[in-house]
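Have a look at the structure below before the remarks.
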Amino acid sequence: MQTLEDLTKFCEIARKLGASDAKIISTDDIVINDRTRLKCQYGCPFYAHSLTCPPFSPTPEQTRKIVKEYNYALLFTMRFSSEVPEGVFQGGIHSIKNMVNLQKTAAELERQILLSGYLSAFAMACGRCLLCDECALQPGRCKNPSIARPAMESMGIDVAATIEKAGYKTKAYTSATEAFDTYGLVLIV
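When the letters of the sequence shown are read in order and numbered with numbering that gives the first Met the number 0, they come out as residues 0 to 188.
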């Protein structure tokens, strides 16, 4: 079994791909709860609009089982400016370009970790997949299966609690002019 120190090389790969920071964490520090997914269903305008979101993504119960099969994960953060006025959420805080960049970075990290011998590596991003203008909404019909990954929150992962356990600070962004941090996670081994 690989040790935490052996896996830290993936943090440097994450930084080379554009992450502002990356850490190897124990999967025991991934917080999973049912209320997180509930917020997707009641509160997110994109519920049932993407294969990477509920009801298509794994449930919190399934996520708990999946995460127990791993010991370590790579948690990475990307800092984006909010200069692009076209946004996914009111106020333009999350630009489409930035969220696609997060999705592609998560998938590329998964690929590089897999090529290093960790064949069960699995990536997740934050927020709805925005790779296509319109999702096929039919399992098995994704136009970008090598890149599209589920949102952590759609699987019941409490991103705020997880990043706090990893030593990051949570912040509510209230202005479209603020830079913001978003997170991705790759289950490794």
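Virtual Cβ for every residue (Gly too), placed ideally from N, Cα, C.
Of all the options the options, which has the alpha carbon lying nearest to the alpha carbon of residue i?
i	options	result
Leu74	Met151, Thr58, Lys170 and Cys52	Met151
Met77	Asn100, Asp5 and Lys142	Asn100
Pro59	Ser49, Ala72 and Arg36	Arg36
Ile112	Lys22, Ile31, Val185 and Lys15	Val185
Thr26	Leu3, Tyr41, Arg34 and Asp20	Leu3
Pro53	Lys96, Arg63 and Gln40	Gln40
Ser80	Asp180, Phe55 and Cys10	Asp180
Pro44	Thr173, Val188, Arg127 and Asp132	Arg127
Leu129	Ile23, Thr51, Asp5 and Ala13	Thr51
Within the continuous alpha helix (DSSP H) that includes residue i, where are the two ends?
i	result
Ile162	Val158 to Lys164
Asp5	Leu3 to Leu6
Ala105	Ile95 to Leu114
Lys64	Pro59 to Lys67
Tell me the DSSP secondary structure of residue i in three-state form.
i	result
Ala122	strand
Lys22	strand
Thr181	strand
Ile31	strand
Ala13	helix
Leu50	coil
Is it buried or exposed for residue i, if we count other Cβ within 10 angstroms and need 16 for buried?
i	result
Ile146	buried
Gly166	exposed
Gly183	buried
Pro138	exposed
Gly155	buried
Pro149	buried
Under DSSP, the beta strand (DSSP E) around residue i begins and ends at which residues?
i	result
Arg78	Tyr71 to Phe79
message: Does the contact criterion of 3 or more C-beta pairs under 8 Å hold for the region 156 to 165 versus the region 28 to 44?
response: yes
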